[in-house]
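Visitor: This is the structure I have questions about; it appears just below.
Numbering (this note's numbering), first residue to last: 11 to 93.
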C-alpha cells in the first residue's frame, strides 16, 4: 500500500468518526430539547424558574459544532479527492 493510499484510508476513517460525532450531537440536541420540555411542564406559567438559563445556549453551541464538523468533513473529502 502506498503512502497516498494510507493517507486516503486515514482520512476516510477520520471522516467517518466526524460523521459519528455529528450523529451523537444530534442525539444530544434532541435529549436536551426533551429535558427542556419536561422542565417547562413542571411550572408552565413560569418556565424560567425551572429551565437553566444556559440550556437554550447549549442548543446554539451544538448547532455551531455540527456545522463545524460538516465543514471539516467536506474539507477532508475534498482533500482526499484531490489526492
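Each residue gets a CB set at the ideal place from its N, CA and C atoms; glycine is no exception.
Note that the coordinates shown come from a computational prediction; the quantities given were computed from them, not determined experimentally.
Where residue 72 and residue 44 are concerned, what is the direct C-alpha to C-alpha distance, given to the nearest angstrom?
Guide: Here residue 72 corresponds to residue number 62 of the chain shown, with the count starting at 1. Here residue 44 corresponds to residue number 34 of the chain shown, with the count starting at 1. Each residue's alpha carbon lies about 15 Å from the other.
Visitor: Run through DSSP, which three-state label would residue 63 get?
Guide: In the chain shown, residue 63 corresponds to position 53, counting from 1. Note: residue 63 maps to coil in three-state DSSP.
Visitor: Would you mind reading off the limits of the alpha helix (DSSP H) that contains residue 94?
Guide: This structure cannot settle anything about residue 94, because the visible part of the chain is limited to 11 through 93.
Visitor: Can you find at least 3 beta carbon pairs, one from the stretch 52–68 and one from the stretch 14–31, that sit closer than 8 Å?
Guide: No: fewer than three Cβ pairs fall under 8 Å.
Visitor: Does DSSP put residue 77 in a helix, a strand or coil?
Guide: Translated into the one-based positions of the chain shown, residue 77 becomes position 67. Three-state DSSP puts residue 77 in a helix.
Visitor: Grab me the residues of residue 46's own chain with a C-beta within less than 7 Å of its C-beta, minus the 5 sequence neighbours each way, in chain order.
Guide: Against the chain shown, residue 46 aligns to sequence position 36. 61, 65, listed in sequence order.
Visitor: Please report the distance separating the alpha-carbon of residue 87 from that of residue 93.
Guide: Translated into the one-based positions of the chain shown, residue 87 becomes position 77. Translated into the one-based positions of the chain shown, residue 93 becomes position 83. Their Cα atoms are separated by approximately 10 Å.
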